[in-house]
Amino acid sequence: MQPITSQPQPNFPSSLLTNQTQRNPKEITIDLADGSTYLFPFVPTVTTFQRHPGSAKGLIAMSDDFDEPLEDFSEYM
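Numbered according to the working numbering, the sequence shown spans residues 720 to 796.
What follows is the structure, given as structure tokens:
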């Protein structure tokens with residue numbers, strides 16, 4: 720099994736998850752509804768650079784008609 724990071728794992732059976740406790744900062748225990756227990760090392764997400772507000776300015780562009788209704792949905796309006 721892959722260790723759980725601070726990002727959600729899409730393939731983890733969250734419907735079976737009944738209890739998640741963090742016993743210490745280095746490991747996470749997960750108890751499933753079927754009675755099995757898993758112990759995972761906690762791997763924090765590491766950022767290698769300092770983030771600054773507005774640093775992505777000019778990288779994303781939206782069209783002028785972004786807020787206009789789509790033709791595909793005209794029959795529902």
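Built from N, CA and C at the ideal position, the CB exists for glycine as well.
Is the beta carbon of residue 761 less than 8 Å from the beta carbon of residue 746?
By one-based count along the sequence shown, residue 761 stands at place 42. By one-based count along the sequence shown, residue 746 stands at place 27. Contact flag set, yes.
Whose C-alpha, out of 781, 748 and 774, is nearest the C-alpha of residue 759?
Here residue 759 refers to the residue found at position 40 when the sequence shown is read from its first residue. Taking only the C-alpha atoms, the option nearest residue 759 is 748.
Assuming residue 749 is part of the beta strand (DSSP E), what are its boundary residues?
Locating residue 749 in the sequence shown gives position 30, where the first residue counts as 1. 746 to 751 is the extent of the beta strand (DSSP E) around residue 749.
Could you check what DSSP says for residue 759 in three-state terms: helix, strand or coil?
Here residue 759 corresponds to residue number 40 of the sequence shown, with the count starting at 1. Three-state result, residue 759: strand.
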